[in-house]
Amino acid sequence: MAFLISALLIFLGYLLGSIPTGYLTAFYLEGIDIREHGSGSTGATNILRTVGKRAAIFVLMGDLGKAMLAVSAVKLWFLLPFADLLPLEWKSWLVVLAAIAAIFGHSKSIFLNFTGGKSVASSLGVLLVLNPIVALGTLGSFLVMLALSRIVSLSSITGVIAVNILMFGLNQPLPYCLFGVTAGVYVTFRHRTNIIRIFAGTEPRIGQKLQQEGS
Numbered sequence: 152m153a154f155l156i157s158a159l160l161i162f163l164g165y166l167l168g169s170i171p172t173g174y175l176t177a178f179y180l181e182g183i184d185i186r187e188h189g190s191g192s193t194g195a196t197n198i199l200r201t202v203g204k205r206a207a208i209f210v211l212m213g214d215l216g217k218a219m220l221a222v223s224a225v226k227l228w229f230l231l232p233f234a235d236l237l238p239l240e241w242k243s244w245l246v247v248l249a250a251i252a253a254i255f256g257h258s259k260s261i262f263l264n265f266t267g268g269k270s271v272a273s274s275l276g277v278l279l280v281l282n283p284i285v286a287l288g289t290l291g292s293f294l295v296m297l298a299l300s301r302i303v304s305l306s307s308i309t310g311v312i313a314v315n316i317l318m319f320g321l322n323q324p325l326p327y328c329l330f331g332v333t334a335g336v337y338v339t340f341r342h343r344t345n346i347i348r349i350f351a352g353t354e355p356r357i358g359q360k361l362q363q364e365g366s
């Protein structure tokens, strides 16, 4: 029973992460499939360039929220009267597995034929629940790099580095540290084409409507 409940909580995390906030917003506001425009990403950066600022803010909030909900659902389980159906020592690991499922769902949504965004905002949403201090530190590093470079992808990679420094530096639980590493590797992998363009000097900056950028 414990393994079945765990699997269901992790799958719930994936389903919540899969909610296609960007796709639905673009379709509702503009009647378009956002995957056929700009970079093809359903994330807030592509929404910003393709649909507009207000839509991008809405998508950003939605992507943060769905990831926060995925992690909070596991934490909530352990507050229920029947929480003892799962061993308490599983809690941190289940939280992290649901978190990973959520960020994977964002980029490989079951509702969009396993396409999606680049899992930056959803990863931040997870961090806001795991450790708000780490989340704010990561966000701060992102914003500083964004102000200096105006390149979203470079700022995202800076955030990846920051989250791991903060997780290990603040002696967070092992599952949380492993989340930082796993999410960092995955987000970096999702930005592999952006990294190539950064080195080539062709990566677009905020305000430029070029084809190969997303979040």
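For the sequence shown, this note's numbering assigns the number 152 to the initial residue and increments by one for each residue that follows.
Using N, Cα and C, we set each Cβ at its ideal position, and we do this for glycine too.
If you compare the alpha carbons of Ala195, Gly288, Ile316 and Ala272 with that of Ala177, the shortest gap goes to Ala195. CA-CA distance, Leu299 to Ser157, rounds to 43 Å.
Excluding its 5 nearest sequence neighbours in each direction, Ser260 has C-beta neighbours in its own chain below 7 Å: Ser169, Pro171, Thr266 and Gly267, listed in chain order. The beta carbons of Ala252 and Lys217 sit no closer together than 8 Å. Phe340 places its beta carbon 8 Å or farther from that of Cys328. The three-state reading of DSSP puts Ser260 in strand, counting E and B together. Around the Cβ of Gly164, a 10 Å sphere holds 16 or more other Cβ atoms; the residue is buried. CA-CA distance, Leu290 to Gly191, rounds to 24 Å. In this structure, Leu297 sits near Ser306, with a CB-CB distance shorter than 8 Å. Assignment of beta strand (DSSP E) within the region 157 to 191, counting only whole runs of 3 or more residues, yields no such run. Leaving aside the five residues that flank Leu180 on each side, the residues in its chain whose CB is nearer than 7 Å to its CB run, in chain order, Val202 and Ala206. Residue environment analysis places Asn197 among the buried positions, since at least 16 neighbouring C-beta atoms fall within 10 angstroms of its C-beta. When DSSP states are grouped into helix, strand and coil, Thr344 belongs to the helix group.
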